[in-house]
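> Numbering (the UniProt record's numbering) for the sequence shown: 1 to 466.
The structure follows.
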Amino acid sequence: MSMAHYINATRNEASRILGRRNRQKGGDGNRFQASVSKGANHPCANFTFPPPPPPHLRRIGPRPCPVCYLPVDQAIASMPSSPSESPVLHNLTYVHDENPIKTEPHGGSDFGGYPSLKQRNDSFDIKESMVVHCGFVKGSKPGHQTGFDFDESDLAGLQQFHEIIVASAIFGNYDLIQQPRNISEEAKRNVPFYMFIDEETEAYMKNRSMLDSSKRVGLWRIIVIHNVPYSDARRNGKVPKLLLHRIFPNIRYSIWIDGKLQLVVDPYQILERFLWRQNANFAISRHYRRFDVFVEAEANKAAGKYDNSSIDAQVDFYRTEGLTPYSEAKLPIISDVPEGCVLIKEHIPITNLFTCLWFNEVDRFTSRDQLSFGMVRDKIMAKVDWHINMFLDCERRNFVIQAYHRDLLEHMPPPVAVIRHPPALPNIITRERNQGKKIPRHGKDRRSGSRHLHKASAGNRESNFF
Numbered sequence: 001m002s003m004a005h006y007i008n009a010t011r012n013e014a015s016r017i018l019g020r021r022n023r024q025k026g027g028d029g030n031r032f033q034a035s036v037s038k039g040a041n042h043p044c045a046n047f048t049f050p051p052p053p054p055p056h057l058r059r060i061g062p063r064p065c066p067v068c069y070l071p072v073d074q075a076i077a078s079m080p081s082s083p084s085e086s087p088v089l090h091n092l093t094y095v096h097d098e099n100p101i102k103t104e105p106h107g108g109s110d111f112g113g114y115p116s117l118k119q120r121n122d123s124f125d126i127k128e129s130m131v132v133h134c135g136f137v138k139g140s141k142p143g144h145q146t147g148f149d150f151d152e153s154d155l156a157g158l159q160q161f162h163e164i165i166v167a168s169a170i171f172g173n174y175d176l177i178q179q180p181r182n183i184s185e186e187a188k189r190n191v192p193f194y195m196f197i198d199e200e201t202e203a204y205m206k207n208r209s210m211l212d213s214s215k216r217v218g219l220w221r222i223i224v225i226h227n228v229p230y231s232d233a234r235r236n237g238k239v240p241k242l243l244l245h246r247i248f249p250n251i252r253y254s255i256w257i258d259g260k261l262q263l264v265v266d267p268y269q270i271l272e273r274f275l276w277r278q279n280a281n282f283a284i285s286r287h288y289r290r291f292d293v294f295v296e297a298e299a300n301k302a303a304g305k306y307d308n309s310s311i312d313a314q315v316d317f318y319r320t321e322g323l324t325p326y327s328e329a330k331l332p333i334i335s336d337v338p339e340g341c342v343l344i345k346e347h348i349p350i351t352n353l354f355t356c357l358w359f360n361e362v363d364r365f366t367s368r369d370q371l372s373f374g375m376v377r378d379k380i381m382a383k384v385d386w387h388i389n390m391f392l393d394c395e396r397r398n399f400v401i402q403a404y405h406r407d408l409l410e411h412m413p414p415p416v417a418v419i420r421h422p423p424a425l426p427n428i429i430t431r432e433r434n435q436g437k438k439i440p441r442h443g444k445d446r447r448s449g450s451r452h453l454h455k456a457s458a459g460n461r462e463s464n465f466f
């Protein structure tokens with residue numbers, strides 16, 4: 001699917017939603033119309049992508065593309081004063097079971113509570129009030145004797161109200177903490193940044209004096225997890241990624257970024273661009289190349305992301321439930337495959353249900369959440385008037401930068417030293433300077449050149465990001 005096709009599909013989706021809302025009776029439709037008419041005067045309303053560079057200047061592989069953000073103060077001013085309406089579902093509570101029992105042969109865990117296939121199917125029947133499995137089935141509250149446990153000193157802080165949080169995680173000592181950049185003073189004061197780590201990662205950081213009793217690393221507040229529920233670090237990482245609303249029950253918005261990513265745009269600007277401006281309550285980027293679950297499954301197998309039999313079993317199960325290869329017949333849905341390393345979410349009942357049911361699929365099948373995303377989304381959209389903003393992956397790459405995993409960094413060879421000699425001076429200048437003067441030693445020349453090279457390298461490295 002070409003870039004132009006993606007952009008046109010996005011416009012078609014916006015037109016479809018507008019038309020549907022305009023047909024609705026009552027205040028909701030009028031409120032949406034007002035928002036759209038305001039959007040026509042938005043400072044970014046006339047923003048368009050620049051033309052692509054000529055072929056000989058194009059770089060290979062996925063790259064960031066320009067994004068029109070509002071200034072931080074304007075982004076803050078555009079934050080909705082009240083929560084979005086949650087279609088149909090208004091009251092969502094969660095299964096509690098101190099003695100979960102596995103009654104079926106496939107998948108599940110004590111942490112997830114082993115929902116049966118009937119319970120799974122019932123959870124997609126959207127009603128005004130629902131009780132669903134959503135991890136943390138044991139214990140009095142998430143993080144207290146549930147598996148995936150927090151220190152007592154952290155529990156109270158996680159219950160506090162925040163308009164916005166940013167969260168990430170590193171499990172299995174797999175990544176190095178990336179410090180956010182370009183964060184406004186308003187966000188530094190009002191938006192907490194939470195980094196979840198397991199005991200293995202904590203030990204590594206303490207041994208290298210990267211973590212002390214303050215449990216702060218730059219902007220990140222470190223939350224250490226005890227009694228992780230899974231032996232697979234990737235699966236443990238899905239708990240905070242998909243269940244932030246259970247860990248933080250009193251927040252309005254969250255931005256999740258995988259541990260390998262560095263945030264380089266202010267959280268208020270990201271929320272304004274991908275949620276508030278779009279009248280959306282959940283946003284995720286689509287995969288830059290693949291948009292079909294069956295193709296994604298084969299790519300996962302080829303890359304050794306998971307054992308092939310488990311991937312085949314999951315996809316075959318979805319096929320029996322009616323999943324078909326992606327085609328233009330699914331428009332205005334523009335992709336079945338997300339690039340799931342960033343989630344932008346308003347915490348309302350319908351989005352909380354979506355991430356609960358998405359987590360249940362990860363708990364039951366493989367931890368490759370790209371495979372289950374489309375199935376869960378489609379089942380919910382079949383029942384209620386709800387959509388997800390699947391924005392371009394090049395836009396995601398504009399506000400996060402991907403780093404190498406820690407083990408790759410440690411095994412990389414050191415960069416090859418480049419020695420640059422100062423340019424030769426013209427003969428006439430050399431003769432004038434040499435009269436009555438000592439010729440400078442080569443060692444000093446090299447030191448001066450080294451300092452100059454360091455600055456140039458740093459500047460070049462920064463400019464490559466955008």
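Every residue gets a Cβ at the ideal spot worked out from N, C-alpha and C, and that includes glycine.
Using only alpha-carbon positions, find the residue among 101, 99, 364 and 87 that is nearest to residue 280.
Nearest C-alpha to residue 280: 87.
> Along the chain, where does the alpha helix (DSSP H) containing residue 162 start, and where does it finish?
First-last for residue 162: 162-170, but that is the beta strand (DSSP E), not the alpha helix (DSSP H).
> Along the chain, where does the beta strand (DSSP E) that runs through residue 470 open and close?
Beyond the ends of the chain as shown, which are 1 and 466, falls residue 470; an answer cannot be given.
> For residue 129, list the residues DSSP reports as bridge partners.
DSSP output for residue 129 lists 91 as bridge partner(s).
> Alpha carbon to alpha carbon, how far is residue 203 from residue 243? Give it in angstroms, no decimals.
Going from the Cα of residue 243 to the Cα of residue 203 covers about 25 Å.
> Confirm, please, whether the CB-CB distance from residue 125 to residue 113 is below 8 Å.
No, Cβ-Cβ distance for residue 113 and residue 125 is not below 8 Å.
> For the putative contact between residue 65 and residue 395, defined by C-beta atoms under 8 Å, what is the C-beta separation to the nearest angstrom?
Contact holds; Cβ gap of about 6 Å.
> Please list the segments of the alpha helix (DSSP H) lying wholly inside the stretch 43-113, counting only runs of 4 or more residues, in order along the chain.
Whole alpha helix (DSSP H) segments, 4+ residues: 72-77.
> Taking DSSP as the reference, what is the three-state secondary structure of residue 256?
In the structure shown, residue 256 sits in a strand (DSSP, three-state: E or B).
> Since residue 293 is in the alpha helix (DSSP H), which residue starts that stretch and which ends it?
From DSSP, the alpha helix (DSSP H) with residue 293 extends over 293-302.
> Suppose the cutoff is 7 Å on Cβ atoms and the five residues either side in sequence are ignored; what does the same chain contact list for residue 260 look like?
Correct list, in chain order: 175, 402, 403 and 405.
> Would you mind working out which of 166, 182, 164 and 236 sits nearest residue 199, comparing C-alpha positions?
Per the Cα distances, 236.
> Please identify the residue among 115, 92 and 42 whose C-alpha is closest to the C-alpha of residue 363.
Residue 363 has its Cα closest to that of 115, out of 115, 92 and 42.
> Return the bridge partner residues of residue 343 from the DSSP annotation.
Residue 343 pairs with 256.
> Answer with buried or exposed for residue 286, where buried requires no fewer than 16 other C-beta atoms within 10 angstroms of its C-beta.
It counts as buried.
> So, residue 371 versus residue 315, is the Cβ gap smaller than 8 Å?
Cβ distance < 8 Å, so residue 371 and residue 315 count as in contact.
> Quick check on the burial criterion: 16 or more other C-beta atoms within 10 angstroms. Buried or exposed for residue 76?
Buried, by the Cβ-count rule.
> Along the beta strand (DSSP E) that carries residue 220, what are the first and last residues, could you check?
That run of the beta strand (DSSP E) goes 220-225.
> I need the DSSP call for residue 269, collapsed to helix, strand or coil.
Helix.
> Skipping 5 residues on each side, what residues in its chain have a beta carbon closer than 6 Å to that of residue 57?
Here the set comprises nothing.
> DSSP has residue 402 in a bridge; who is on the other side?
Partner(s): 261.
> Assuming residue 252 and residue 334 make a contact with CB atoms under 8 Å, what is their CB distance in whole Å?
About 27 Å separates the two Cβ atoms, so there is no contact after all.
> Determine, using beta-carbon pairs with one atom in the stretch 335-354 and one in the stretch 368-382, whether at least three such pairs fall under 8 Å.
Yes, the stretch 335-354 is in contact with the stretch 368-382.
> Grouping DSSP H, G and I as helix and E and B as strand, with all else coil, what is residue 205?
Residue 205 falls in the helix class under three-state DSSP.
> Going by DSSP in three states, residue 317 sits in which element: helix, strand or coil?
Three-state result, residue 317: helix.
> If I'm right that residue 292 touches residue 325 with Cβ under 8 Å, what's the distance once you round it to whole angstroms?
Rounded, the Cβ-Cβ distance is 5 Å, consistent with contact.
> Per DSSP, which residues does residue 389 bridge with? Please list them.
Per DSSP, 283.
> Counting only the same chain and skipping the five closest in sequence on each side, list residues whose C-beta sits under 6 Å from that of residue 272.
70, 75 and 78, listed in sequence order.
> Taking the alpha-carbon positions, what's the residue 250 to residue 157 distance?
Whole-angstrom Cα-Cα distance: 11 Å.
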